[in-house]
Ligand SMILES: C[S@@+](CC[C@H](N)C(=O)[O-])C[C@H]1O[C@@H](n2cnc3c(N)ncnc32)[C@H](O)[C@@H]1O
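Residue numbers (this note's numbering): 160 to 393.
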């Protein structure tokens with residue numbers, strides 16, 4: 160299939176990490192249909208010594224190893240001309256739906272997954288356009304965060320999800336959380352589905368969902384409600 164969507168290049172020391180996730184379900188279909196091209200690069204292919212060394216001890220001492228700058232620069236310079244280069248890093252801008260939408264407009268993304276104690280600071284200072292964090296916690300490497308970002312971006316690309324409307328109402332898209340969802344059976348262990356949802360009255364269903372979304376947000380994420388009010392006003 161001809162490519163109609165963006166290219167996402169992932170730079171990692173652990174290529175196999177991505178094998179299954181990129182070959183399952185919607186991500187696989189999206190690639191098969193040419194809606195996105197995802198390539199995973201082994202950083203060790205850009206090393207030049209016998210041991211394919213990609214990390215070294217930190218200057219100044221301390222625990223752990225730091226990823227060397229040379230292979231990262233060489234790899235990104237070879238594969239990412241004109242691309243928006245992202246480093247997954249706990250110090251980065253917090254990932255959000257807004258940021259996913261912004262990244263989904265880029266034609267070429269390079270995602271660098273760090274490991275060990277992280278990457279040499281010169282990568283951050285001189286190579287990377289943006290650092291992105293998936294939350295205030297530390298994962299073992301940037302692979303899972305990179306996958307998170309790929310999933311968030313890919314599902315926003317035209318044609319990837321069967322039903323575009325399903326994106327519109329989702330949590331965070333409208334600034335608040337999504338309303339509760341139910342499916343068959345109508346009664347399960349004595350717990351029933353709200354009557355309105357089976358009434359067939361679309362207007363009432365819509366109103367119920369709006370109110371329920373607001374209530375869920377008030378309970379679970381009141382901070383979002385404040386933000387969404389602010390953006391509606393100003
Ligand atoms: C063990 S972490 C290094 C943490 C680093 N020493 C620090 O304290 O900031 C190794 C790699 O995992 C990735 N990583 C860990 N937590 C992350 C997060 N919250 N968001 C994005 N990437 C993360 C980064 O690529 C990082 O270079």
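The beta-carbon is built from N, C-alpha and C at its ideal position, and this holds for glycine as well.
Remember, predicted model here, so these are calculated numbers, not experimental data.
Query raised in the report: Residues bridged to residue 171 by DSSP?
Result: 201
Query raised in the report: Is the stretch 268-275 touching the stretch 165-176 in the sense that three or more CB pairs, one from each, lie closer than 8 Å?
Result: yes
**Report entry** For residue 285, the nearest candidate out of 236, 222, 351 and 219 (CA to CA)
**Finding:** 236
Requested in this report: Enumerate in chain order the residues of its own chain whose CB-to-CB distance from residue 253 is below 6 Å, with the five nearest sequence positions on each side excluded.
Outcome: 292
Query raised in the report: Is any heavy atom of ligand 1 found at a distance shorter than 7 Å from the C-beta of residue 292?
Result: yes
Report task. Just mark residue 344 as buried or exposed, buried being the case when its beta carbon has 16 or more other beta carbons within 10 Å. Result -> exposed
**Report entry** Burial state of residue 164, where buried means 16 or more other Cβ atoms lie within 10 Å
**Finding:** buried
Report task. State yes or no: is the C-beta of residue 313 within less than 8 Å of the C-beta of residue 186? Result -> yes
**Report entry** Same chain only: Cβ atoms within 6 Å of residue 301, ignoring 5 sequence neighbours per side
**Finding:** 247, 272 and 273
Query raised in the report: Taking three-plus beta-carbon pairs below 8 Å as touching, is the stretch 373-384 in contact with the stretch 328-340?
Result: yes
Query raised in the report: Once you ignore the five residues that flank residue 201 on each side, which residues in its own chain have a CB closer than 8 Å to its CB?
Result: 171, 172 and 174
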